[in-house]
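This report concerns only the one structure given below.
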Amino acid sequence: MGTQVERFKVVTNDFLRKTSTVWTRARSTAPPEGDRILRIPFSMPLPDGVPPSFGFESYMNVAYVRYAIEVIGTRTGTFAVDRTIKVPIMVVAPDPLGVALRTELKLGWQGDWGRIKAEQKIRKMPWGDYSTVRMELLVPHLDSFPLFTPVPYSIVITTISAPTKRKGLEHPQKDIFPPIPRSASEIDFDLRRQVDLQTPYFPSNPEEHVIDIISKAHAPVPPVDVEITDYMWIPEAGKEDKGCWMQEATFSSSLILRYTPTFLTEEIKTKYTLYLKVDFPGMGNTLRIEFPINIGSGVDAPVVVEERAVAPVMIDVPS
């Protein structure tokens with residue numbers, strides 16, 4: 005049985021390469037007294053518009069944007085070999101607007117909210133009157149969300165029962181259909197990334213799951229605050245004894261983004277989407293919301309990490 009060999013084409017683009025002399029023996033200065041290490045500060049400004057550090061892998065699709073500083077110590081002598089050190093670095097685009105937004109978010113968001121709604125008629129069985137479920141996702145109305153900053157959000161779910169009768173001022177003795185979600189574990193809320201790759205063969209647009217914001221599998225971090233109202237009676241016009249029961253639940257928390265900012269090049273284009281889903285009893289009774297967002301760096305200057313820093317700020321980019 006013959007072996008089938010698949011051929012893949014690899015394309016690289018060395019779009020940035022800068023060389024600079026940062027030290028010579030002629031200009032050498034001695035290390036501080038008692039220290040055998042000579043520290044040489046230097047800087048290398050990056051051109052405008054360079055893409056951020058990035059990593060992505062899926063079946064038949066791999067893409068990376070990597071940066072590194074390579075230091076070569078030139079040694080004299082006939083048999084001396086130069087010493088080379090290569091250190092990877094993380095790069096993000098400057099985001100002056102995001103810096104101001106980070107401050108506003110940390111102080112407590114007081115601006116407008118972006119809203120997206122979904123509504124569906126559902127019933128538990130294939131017969132009978134329909135009930136109504138509604139869902140609304142609220143996040144700050146921003147052009148882009150900065151990294152490393154708590155971004156508040158709220159999920160508002162409303163259930164309205166099928167038309168029913170009511171005796172006097174009585175309230176429901178038990179949950180009625182559709183039941184309101186009472187725990188964050190009944191909600192699926194995650195962030196996904198679409199990566200549009202211009203491959204040598206044909207354009208490819210795979211999607212990857214980035215993180216669970218709220219999941220049935222584990223408790224959300226940070227915790228989610230839940231507020232549930234009592235049932236409210238909504239009578240039909242002119243009929244106080246006939247109408248619907250309405251109830252509302254609000255889930256509030258925040259999310260912190262630690263992922264490659266949204267960017268666009270000739271070869272790679274990234275997009276992020278918040279996906280929200282709630283299942284209700286019955287076949288096909290699922291409410292969904294998709295909310296596209298942009299992610300910005302939220303920084304406008306290099307982040308200096310001390311040599312002995314215990315927990316440096318990191319961005320989640322696959323190695």
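Under my numbering, read the sequence shown as residues 5 to 323, first letter to last. The C-beta atom is built at its ideal place from N, Cα and C for all residues, glycine as well.
query, result
"At 4 residues or longer, what runs of the alpha helix (DSSP H) sit wholly inside the region 203-259?", "none"
"Going by C-alpha distance, which of I180, S148, V155 is nearest L111?", "V155"
"Output the residue ranges of the alpha helix (DSSP H) runs that lie fully inside the region 87-114 and measure 4 residues or longer, sorted by chain position.", "100-110"
"What span of residues does the beta strand (DSSP E) with M139 cover, start to end?", "135-144"
"Quick check on the DSSP output: what are the complete beta strand (DSSP E) runs of length 3 or more inside the region 31-65, in order along the chain?", "58-62"
"Judging by CA-CA distance, which residue of I44, Y68, L20 is the nearest neighbour of T274?", "Y68"
"I'd like to check one pair, A253 with R170: are the Cβ atoms closer than 9 angstroms?", "no"
"Run the CB neighbour count on M139, radius 10 Å, all protein chains shown included, and call it buried at 16 or more, exposed below.", "buried"
"Using alpha carbons as the reference points, say which of S24, G115, F60, L151 lies closest to Q198.", "F60"
"From the DSSP output, read off the bridge partner residues of V156.", "The sequence given here places Pro at residue 156; Val does not occur at that position. Its beta-bridge partners are S258."
"Indicate the three-state DSSP secondary structure (helix, strand or coil) for V314 in the structure shown.", "Confidence is the limiting factor: at V314 the pLDDT is only 45, short of 50, which leaves the residue's position unreliable and the question unanswerable from this model."
"So what's A305 in DSSP terms, helix, strand or just coil?", "coil"
"Tell me the DSSP secondary structure of A166 in three-state form.", "coil"
"Cα separation between P322 and W249?", "At P322 the pLDDT is 42, less than 50, meaning the model places this residue with poor confidence and gives no usable figure here."
"Classify D86: buried if its beta carbon has 16 or more other beta carbons within 10 angstroms, exposed otherwise.", "exposed"
"Express the C-alpha separation of I184 and F284 in angstroms, rounding to a whole number.", "9 angstroms"
"Are the beta-carbon atoms of P35 and R29 separated by less than 9 angstroms?", "no"
"Going straight from the alpha carbon of T266 to that of I299, what length do you get?", "5 angstroms"
"Where does the unbroken beta strand (DSSP E) through F267 begin, and where does it stop?", "Premise fails: F267 is in no beta strand (DSSP E) and is neither H nor E."
"To the nearest angstrom, report how far apart A188 and M48 are at their CA atoms.", "47 angstroms"
"Take I76 and list the residues in its own chain whose beta-carbon comes closer than 6 angstroms to its own, dropping the five residues that flank it on each side.", "D86, T88"
"Let me know the secondary structure DSSP gives E190 once reduced to three states.", "helix"
"Hey, quick one: how far does the beta strand (DSSP E) through L20 stretch, first residue to last?", "Counting along the chain, L20 falls outside any beta strand (DSSP E), and DSSP gives it neither H nor E."
"Can the beta-carbon of E244 be found less than 9 angstroms from the beta-carbon of P167?", "no"
"Can we say the region 133-152 touches the region 277-295, given the rule of at least three CB pairs closer than 8 angstroms?", "yes"
"With respect to the beta strand (DSSP E) encompassing A84, which residues constitute its N-terminal and C-terminal limits?", "Per DSSP, A84 belongs to no beta strand (DSSP E) and is neither H nor E."
"Taking the C-alpha atoms as reference points, what is the distance between T23 and A104?", "34 angstroms"
"Given a cut-off of 9 angstroms, decide if S158 and R192 are closer than it, judged by their beta-carbon atoms.", "Reading off the sequence shown, one finds Asp at residue 192, where the question assumed Arg. No, they are not a contact pair."
"Starting from the C-beta of P224, find all residues in its chain whose C-beta is less than 6 angstroms away, skip the five residues before and the five after it, and write them out in chain order.", "A188, I218"
"Per DSSP, T277 is paired with what?", "R196, P296"
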